[in-house]
Structures are given as C-alpha cells and as structure tokens.
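Q: Residue 59 in full-length UniProt numbering sits at position 59 of the sequence shown, and the numbers go up by one each step.
Glycine included, each C-beta is placed from N, C-alpha and C at the ideal position.
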Amino acid sequence: MPHSSTSIPRPRPRHLTVLAVGVATALTLTACGAHSDTGATREKSASTTSAGKEKTTFKLGEASPVQESQMQRSRGATHTITPTKVVVGSKADMDNSGLEQDKEDGPQVPVYVWSTLTHKSGKPMALGDMDDDLVVRTDTGQRTRALIVLLGQAQWPNCPAFDSDKKLVAGQSQRICTAFLIPQGQKAAAVQLSQGFYSKPLEWPVKS
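Here's what the structure looks like:
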C-alpha cells in the first residue's frame, strides 16, 4: 500500500513516581492522535477484504493479521494479538495500586486490556515484545501506551502481572492482562495496535 507523505508523530514520554516495593519509576507514553515506536520501525502486514482494501477494524475477540517482529533477538518471527476484553478501573483501584501520580498529570484511572498472544512461526519471542505496540484510545482521541513499572509492581484487582520476558515458540499462546492509565472522566474507546509511522493502526472498538 502506498504511504502518505505525512508521518504520524511519535508519542511524548511522561513519567510517574511509583511506590511499589520501594520507590520506582513508571513510564507511559501518551499523545492525541500520536503513533508509537519502540526502537526500530516495525513493518506490519494487514489482512485484506474481498474488495482488496486493508482491514483495520476488528471486533474484540478477533485476531490481528500476522505481525512480523523487527526486534533483533526475534527478527522475522510472526505472531498474532487478539484483544478480548477491556475493563475501566476505578479511582479506588488507582489509590490502592501503589502508584503515586505526578500532580501535573491530573487524576487518572486504569484500563485493563485482556489479550491472547499467539506465536505463529520463527524464533522464540518474549511476551513483552509481542504486546509492545498495544495502545488504548480514549473517547477524546488521546492515545496511551501500557504502563511500565520499574523496580516493583503495581497491584491491580483481577489483572495479574505477567512475566514479560517469558518466551513463546511456534504454536504456543498465552492470555495476558495489560494495564493502561487514562485521565479520569474519559472512556476507553478502542484498543489499537500500532503499525509504524505511516500506516493506520489496527483497531478494536470498545462498546460502551
């Protein structure tokens, strides 16, 4: 598919102070209409409709087109991602998580995204590399990447932490829960999967 001449801007980094097994640092990337990149630009394949147009919108429970890894340690490996459930948490969840927010961020609440990661072919691939391009889009258009907590773990009800370094081989699948933070008062409108700087992200709308 031809690329447009205008690239999608990168998200801006934001830092949180964390109190989870001591003091740690968390990182979220947020932007309105921005697109994420982690290291090398990833080229993603997309499924096509009978009319020959790329399909970019899916229902929760539908698998993504096969994604090809551009990470050095798993280059060429392929996998799919299937977002299955999205739940918006509460202020109480945030208060009990062990995270201490920067005041400039304003009140935030967690969004829990359940997904199934399936390794299709190639080298073993870490879970953290397979879900790395997931994004939550809010009803105001803000796009937020998953929360990363260093030197500790945030505690979320019914969303257990997973070992991001665990590797899957071809034919294996694992269901995981990933936490995102959005401004309090906004709604989770969709789960997205970034497709590089120039391509439209894949999207799974969330029914309100």
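Do you know whose CA, among Pro65, Met94, Ile148, Ser194, lies nearest threonine 82's CA?
A: The candidate whose alpha carbon is nearest that of threonine 82 is Pro65.
Q: If you compare alpha carbons, which of Gln101, Asp131, Val87, Gln70 is closest to threonine 138?
A: Threonine 138 has its Cα closest to that of Val87, out of Gln101, Asp131, Val87, Gln70.
Q: Measuring alpha carbon to alpha carbon, tell me which residue in Asp132, Leu168, Gln174, Lys207 is nearest phenylalanine 180.
A: Phenylalanine 180 has its Cα closest to that of Asp132, out of Asp132, Leu168, Gln174, Lys207.
Q: For my contact list, serine 74 and glycine 122 are in at a C-beta cut-off of 8 Å; report their separation, rounded to the angstrom.
A: Rounded, the Cβ-Cβ distance is 7 Å, consistent with contact.
Q: Does the distance from the CB of serine 69 to the CB of glycine 76 come in under 8 Å?
A: Result yes, Cβ atoms of serine 69 and glycine 76 sit closer than 8 Å.
Q: Hey, would you say the C-beta of isoleucine 81 is under 7 Å away from at least one heavy atom of the ligand COA?
A: With respect to small molecules bound, the structure shown includes none, and the ligand COA cannot be examined in it.
Q: If you drop the 5 nearest sequence neighbours on each side, which residues of the same chain put their C-beta closer than 6 Å to that of alanine 126?
A: Correct list, in chain order: Asp165, Lys167.
Q: Considering only DSSP beta bridges, list what serine 115 is partnered with.
A: Serine 115 is bridged to Pro83, Ile176.
Q: Count the other C-beta atoms from every protein chain shown that fall within 10 angstroms of the C-beta of arginine 175, then say buried if there are 16 or more, exposed otherwise.
A: Arginine 175 should be labelled exposed.
Q: Going by the DSSP bridge assignment, what does leucine 202 pair with across the sheet?
A: Per DSSP, Leu193.
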